[in-house]
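Encoded as structure tokens, the structure appears first; notes follow it.
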Amino acid sequence: MKHRTFGLHQSVRSLLIIIDGVSTVDKLMGYTAQLHEAEKTLSWLIQEGFVEEVSPSQPTTNNKSASLPQTAPIEITGKLALIALTRELLGADAAKVIKRLDDVPDTQTDLITAADKCYKFIKLTIDENKAHQYLKASQALLAKLG
Amino acid sequence: MTSNLILIINLAAIAVMLLCLFTVLRLRSEIPGGVVGKQWSLLTLMVSLFTIGYFVTPFFTRLPTDVINLLVALIFFFGAIYVLITVKLIYRIIEEMTR
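Printed below as a string of structure tokens:
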């Protein structure tokens, strides 16, 4: 994932970053409420072998996973989730906002403050509607991860 | 002497206005939308109009008095609108940043 070997689309990559091998599909869909067609993307990731479907009682790895790309385990942090959300929501305009998240410490309080600053920045310079969506989604995301 | 001074001032005004136009257009790509982006489009249009108007100023002495008076009135009017947009924009930015 780090070297982007498979050239995945950004939305697929964002979802892949969030998958931690522990969270249930419902929980993942909660994190990715703003991702376009997240369920379809998840099915595609399973079909292509990037992630593996397991039942709650089943261990998260088996023999098949040895041949799978090295995607898990990746710890999902609030900051990563916020960056993924920013990319998904803003597309080409995301870079300017992500730059503002780079130096933010990965703590709940700092991320809430940073998300609010990003909201203001988006509202002033990118898109007012997207800014409101961003604020709602980031608050929901950070509340769930916190 | 006086006409030369007027011409120099007019040319200086045109140069400053061209600089304004260049700055406004350069910043335009940095601000695709949002509160500032919307107002910026309007400011870009007004700066463009002012720039065109300023190019006429060196020929003012050749124009009839009535036309000059009308042009001056229009410049004052659009100047006032420009200031209003700018002040409102600054107000919105400060309001958003201090909220």
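Residue numbers (the numbering used here), protein chains in the order written: chain A, 508 to 653; chain B, 86 to 184.
Ideal Cβ positions, reconstructed from N, Cα and C, are used throughout, including at glycine.
Enclosing alpha helix (DSSP H) for residue i [first to last residue]
i: A:I526; result: Counting along the chain, A:I526 falls outside any alpha helix (DSSP H), and DSSP gives it neither H nor E.
i: B:R177; result: 150–183
i: A:L515; result: Premise fails: A:L515 is in no alpha helix (DSSP H) and is neither H nor E.
i: A:R607; result: 601–608
i: B:T136; result: 119–141
i: A:I619; result: 615–632
i: A:G585; result: 585–597
i: B:F144; result: Element bounds for B:F144: n/a, residue is neither H nor E.
i: B:F107; result: 87–113
i: A:S550; result: 545–554
i: A:S645; result: 635–652
Proximal chain A residues relative to residue i, where beta-carbon distance stays under 9 Å
i: B:I116; result: L631, T632, I633
i: B:E74; result: No answer is possible for residue 74 of chain B: it lies beyond the span of chain B, which begins at 86 and ends at 184.
Burial state of residue i (16 or more Cβ within 10 Å)
i: B:R184; result: exposed
i: B:I153; result: exposed
i: A:N570; result: Confidence in A:N570 is poor, its pLDDT being 45 and thus under 50, which makes the residue's placement unreliable; the coordinate value appears in the next sentence. Answer is exposed; the Cβ neighbour count stays below 16.
i: B:L148; result: exposed
i: B:R111; result: exposed
i: B:A97; result: exposed
i: B:I176; result: The question names Ile, but residue 176 of chain B is Tyr in the sequence shown. Exposed is the call here.
i: B:I166; result: exposed
i: A:P612; result: exposed
i: A:S550; result: exposed
i: B:S88; result: exposed
i: A:A545; result: buried
i: B:G164; result: exposed
i: B:A100; result: exposed
i: A:T548; result: buried
i: A:L523; result: buried
Under 7 Å from the C-beta of residue i: neighbouring residues of chain A
i: B:V120; result: K630, L631, E635
Near the ligand MG: residue i beta-carbon under 7 Å from a heavy atom
i: A:L535; result: Looking at this structure, you won't find the ligand MG or any other ligand, since it has none at all.
Item to check | Cβ-based contacts, 8 Å cut-off: residues of the region 614–631 of chain A near chain B | outcome: K627, I629, K630, L631
Checklist entry - Can you list, in chain order, the residues of the region 161–178 of chain B whose Cβ is nearer than 9 Å to any Cβ on chain A? => result R177, I178
Next on the checklist: Please list, in chain order, the residues of the region 590–605 of chain A that have any C-beta partner in chain B closer than 8 Å.
Outcome noted: D600
Checklist entry - Between the region 114–134 of chain B and the region 621–640 of chain A, do at least 3 Cβ pairs fall closer than 8 Å? => result yes
Next on the checklist: Could you check whether the region 102–115 of chain B touches the region 615–624 of chain A, counting it as contact only if at least three pairs of C-beta atoms, one from each stretch, sit closer than 8 Å?
Outcome noted: no
Item to check | the region 154–172 of chain B / the region 135–146 of chain B touching (three or more Cβ pairs under 8 Å) | outcome: yes
Item to check | Interface residues of the region 126–139 of chain B facing chain A [CB-CB below 9 Å] | outcome: none
Next on the checklist: Whether or not the region 133–143 of chain B and the region 171–179 of chain B are in contact is what I'm after, with contact meaning three or more pairs of Cβ atoms, one per stretch, closer than 8 Å; do they touch?
Outcome noted: no
Next on the checklist: Closer than 8 Å is the cut-off here; do at least three beta carbon pairs connect the region 589–607 of chain A with the region 633–644 of chain A?
Outcome noted: yes
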